[in-house]
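In my numbering, the protein residues as written are 3 to 142.
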């Protein structure tokens, strides 16, 4: 059984709803999966998990939230090489540039993206929720 961490930051609850669906998918696929907020996860925990999914909404001019999430994520970057990773997040404006930049960043660090990243405009609809579940299953 694989161990999966789902780590997220959410300001309005939209990315939190996505995180819960990712967790649901990972558990449905048989993973030992745990949910963490960005403030409850650190780089020291990366080696405890076979796969990690990170979720963060688009903030400002299409960038990661820089108060809690980005510092935590930056601390994990040195442990991404060869690690199975999946990304998700919500947005209220823009075209998903923050996610494309984030994907490029994790790929350049040697991470293995196990599923297409999932982005939802605001709250996840039925299709977005289903995509999050599939992302979670891919992590397992």
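Glycine residues also receive a C-beta, built at the ideal position from the N, C-alpha and C atoms.
If you're wondering where the values come from, they're calculated on a predicted model, not measured in any experiment.
Residue 10 and residue 57 closer than 8 Å at C-beta: Their beta carbons are under 8 Å apart, which means residue 10 touches residue 57 by this criterion.
Quick check on this structure: which residue in 4, 55, 3 has the alpha carbon closest to the alpha carbon of residue 18? Of the candidates 4, 55, 3, the one whose C-alpha sits nearest the C-alpha of residue 18 is 55.
In three-state terms, what does DSSP make of residue 115? In the three-state scheme derived from DSSP, where H, G and I count as helix and E and B as strand, residue 115 is classed as strand.
May I have the straight-line CA-CA distance separating residue 95 from residue 123, to the nearest angstrom? Each residue's Cα considered, the two are about 8 Å apart.
Drop a sphere of 10 angstroms on the beta-carbon of residue 50, count the other beta-carbons inside from all chains shown, and report buried for 16 or more, exposed for fewer. Residue 50 is exposed by the Cβ-count criterion.
Would residue 87 pass as a contact of residue 115 if the rule is Cβ separation under 8 Å? If you check the CB distance, residue 87 and residue 115 come in under 8 Å.
Compare the beta carbon distance of residue 130 and residue 27 with 8 Å and say whether it is the shorter of the two. At a Cβ-Cβ threshold of 8 Å, residue 130 and residue 27 do not count as neighbours.
What separation, rounded to the nearest whole angstrom, lies between the Cα atoms of residue 34 and residue 8? Between residue 34 and residue 8, the C-alpha separation is close to 11 Å.
Less than 8 Å between the C-beta atoms of residue 93 and residue 126, yes or no? It is not a contact, given that the beta carbons lie outside the stated cut-off.
Using CA coordinates, which residue listed in 23, 3, 97 is at the minimum distance from residue 53? Of the listed residues, the one whose Cα sits closest to residue 53 is 3.
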